[in-house]
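Read the structure below first, then the notes.
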Amino acid sequence: MTATYLAPYLVQKWFDNNGAPLVGGTINTYAGGTNTPIATYTDSTGGTPNTNPITLNFRGECSIWLLPNVSYKFVVADALGNLITTVDNVVNAALISLYGGTDTGTANNYILKFASPVPPNTNDQVIYW
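The sequence shown begins at 43 in my numbering and counts up one residue at a time.
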């Protein structure tokens with residue numbers, strides 16, 4: 043059997059309080075728990091930041107790509123500036139480094155020197171070195 047995963051949202055779609063697409067609405071993005079603006083990006087390369095606030099298109103959509111392991115706050119408003127919702131502490135949790143340490147020894151007889159403290163061994167724990 044092949045492992046499969048749920049596809050991520052291809053675009054973010056927002057709605058007003060009546061369930062209609064939030065045409066012309068805005069999304070301000072801040073560092074989680076603050077009012078300090080923080081960048082989001084237009085695609086997976088992270089090369090082009092979105093405007094802040096982001097203005098939603100004629101379908102109430104936009105592309106929002108986040109930095110991994112960074113907490114964001116989204117403040118969503120309609121085209122007139124009326125608050126629709128605030129969502130805080132949104133994190134795209136990603137394992138961006140699989141490095142666990144260095145090894146000595148030979149095949150089937152490795153000794154691993156951890157790069158940093160790790161929790162006690164548990165079943166199914168995976169360590170890369």
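Beta carbons: idealized from backbone N, C-alpha and C, even for Gly. These numbers were taken from a predicted model, which means no experiment stands behind them.
Helix, strand or coil for residue i per DSSP?
i	result
threonine 68	strand
alanine 119	strand
threonine 146	strand
threonine 97	strand
leucine 108	coil
proline 62	Just to set this straight, residue 62 is alanine in the shown sequence, not proline. Correct three-state label for alanine 62: coil.
asparagine 92	coil
What span of residues does the beta strand (DSSP E) with residue i cover, start to end?
i	result
isoleucine 126	125 to 133
Taking the alpha carbon of residue i as the reference point, which residue from the options has its own alpha carbon closest?
i	options	result
tryptophan 56	Ala135, Lys115, Cys104 and Thr84	Cys104
leucine 109	Asn77, Asp58, Ser86 and Tyr152	Ser86
asparagine 111	Gly67, Gly74, Asn150 and Gln54	Gly74
threonine 124	Ser113, Ile69 and Thr148	Before going further, note that residue 124 is asparagine rather than threonine in the sequence given. Checking every option, the nearest Cα to that of asparagine 124 belongs to Ile69.
glycine 102	Pro63, Tyr114, Thr78 and Thr93	Pro63
asparagine 60	Asn150, Asn131, Thr144 and Asp120	Asp120
asparagine 77	Phe100, Thr97 and Thr128	Thr128
aspartate 58	Thr97, Val118 and Asn92	Val118
asparagine 99	Asp130, Pro91, Gln54 and Ile153	Gln54
Please tell me whether residue i and residue j are closer than 8 angstroms, where the distance is taken between their beta carbons.
i	j	result
threonine 84	threonine 71	no
isoleucine 126	glycine 66	no
tryptophan 107	glycine 88	yes
isoleucine 80	tyrosine 114	yes
threonine 148	lysine 155	no
valine 132	phenylalanine 116	yes
Can you find a C-beta in chain B that's less than 8 angstroms from the C-beta of residue i?
i	result
isoleucine 96	Absence of chain B from the displayed structure is noted, only one protein chain being present.
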